[in-house]
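Below: one structure, written as structure tokens.
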Amino acid sequence: ELRDYTALIEEKWMETAEELAKTFNFQQILIDSSIDGILACDHDGKVIIFNKSMESMLGYSRQDAIGNLTLEKFFWGDEYEKFCVKLHSEEFGGTDRLFLFESTLQTASGTKIPVQLSASVLVEEDQAIGVVGFFRDLRDIRSLTQQFADQARLLQQDKMISLGRLA
Numbered sequence: 050e051l052r053d054y055t056a057l058i059e060e061k062w063m064e065t066a067e068e069l070a071k072t073f074n075f076q077q078i079l080i081d082s083s084i085d086g087i088l089a090c091d092h093d094g095k096v097i098i099f100n101k102s103m104e105s106m107l108g109y110s111r112q113d114a115i116g117n118l119t120l121e122k123f124f125w126g127d128e129y130e131k132f133c134v135k136l137h138s139e140e141f142g143g144t145d146r147l148f149l150f151e152s153t154l155q156t157a158s159g160t161k162i163p164v165q166l167s168a169s170v171l172v173e174e175d176q177a178i179g180v181v182g183f184f185r186d187l188r189d190i191r192s193l194t195q196q197f198a199d200q201a202r203l204l205q206q207d208k209m210i211s212l213g214r215l216a
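So for the sequence shown, this note's numbering puts the first residue at 50; every next one is plus one.
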């Protein structure tokens with residue numbers, strides 16, 4: 050009976066280990082497949098999650114970022130201080146939460162990137178254990194907005210030229 054019971058426990062343990070591995074793998078694929086950049090850091094600000102979108106957005110490799118860089122490193126100028134103040138205020142979604150906050154990040158080469166971010170303080174047993182942020186690159190949106198404004202200005206100029214000819 051003891052051997053049968055031990056075999057059953059080992060079998061169930063293997064099934065549980067396989068399920069856990071599948072769940073972990075699925076979560077990793079989910080994070081890496083996100084269109085938005087996902088960055089998480091521990092209580093000290095050290096990066097612990099840095100997905101592929103963050104790599105392509107900022108130009109840092111995952112190996113360079115995880116465990117080596119802090120969240121503050123990615124913000125332009127004093128944007129990190131603004132981020133922290135807003136994160137802990139009630140203004141953008143409640144205390145310890147930010148929703149659709151615009152900021153500026155800096156790439157590995159020093160280029161500024163306008164982003165829209167949502168972030169949350171990670172809490173476990175009433176203790177803050179880190180921060181997770183979701184970053185959307187606004188460069189393409191800003192470029193399209195500028196093109197639209199330029200086209201609207203050209204259309205207005207055409208109207209004025211036509212009106213001048215008519216007069």
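Each residue gets a CB set at the ideal place from its N, CA and C atoms; glycine is no exception.
Exercise. Is the stretch 154 to 164 in contact with the stretch 105 to 119, if contact means three or more CB pairs nearer than 8 Å?
Worked result: Because the criterion of three Cβ pairs below 8 Å is met, the stretch 154 to 164 and the stretch 105 to 119 touch.
For this session: With distances taken Cα to Cα, identify the nearest neighbour of SER102 among GLN196, ARG202, ILE190, GLY182.
Result: With distances taken between CA atoms, SER102 lies nearest to GLY182 out of GLN196, ARG202, ILE190, GLY182.
Exercise. PHE132 to GLN176, Cα distance in whole Å?
Worked result: Each residue's alpha carbon lies about 20 Å from the other.
Exercise. To which residues of the same chain is ILE98 closer than 7 Å at the C-beta, ignoring the five residues directly before and after it?
Worked result: Excluding sequence neighbours, ILE98 sits near ILE80, ILE87, LEU88, ALA89.
Exercise. What are the start and end residues of the beta strand (DSSP E) that includes GLY179?
Worked result: Start and end: 176 to 186.
Exercise. So, GLY116 versus VAL134, is the Cβ gap smaller than 8 Å?
Worked result: Contact flag unset, no.
Problem set entry | Own chain partners of GLY94 with C-beta closer than 7 Å, once the 5 adjacent residues on each side are dropped | Excluding the 5 residues flanking it on each side, GLY94 has same chain C-beta neighbours closer than 7 Å at THR119, LEU120, GLU121, in chain order.
Problem set entry | Alpha carbon of ASP55 to alpha carbon of HIS92, nearest angstrom | Correcting the residue type first, residue 55 is Thr in the shown sequence and not Asp. Spanning the two alpha carbons is a distance of roughly 41 Å.
Exercise. Along the chain, where does the beta strand (DSSP E) that runs through PHE123 open and close?
Worked result: Per DSSP, PHE123 lies in no beta strand (DSSP E) segment and is marked neither H nor E.
For this session: Return the CA-CA distance between ASP113 and GLU104, expressed in angstroms with no decimal places.
Result: Their backbone Cα atoms lie some 10 Å apart in a straight line.
Problem set entry | Distance between GLU50 and ASN100 (C-alpha atoms, nearest Å) | Here the C-alpha atom of ASN100 lies approximately 49 Å from the C-alpha atom of GLU50.
For this session: Give me the Cα-Cα distance between GLN77 and ASP85, rounded to the nearest whole angstrom.
Result: The alpha-carbon atoms of GLN77 and ASP85 are separated by roughly 14 Å.
For this session: Would you mind stating whether VAL170 and ARG185 have Cβ atoms separated by less than 8 Å?
Result: Between VAL170 and ARG185, the gap from beta carbon to beta carbon reaches 8 Å or more.
Exercise. In the DSSP assignment, what residue or residues form a beta bridge with GLN112?
Worked result: BP columns for GLN112 are empty, so no partner.
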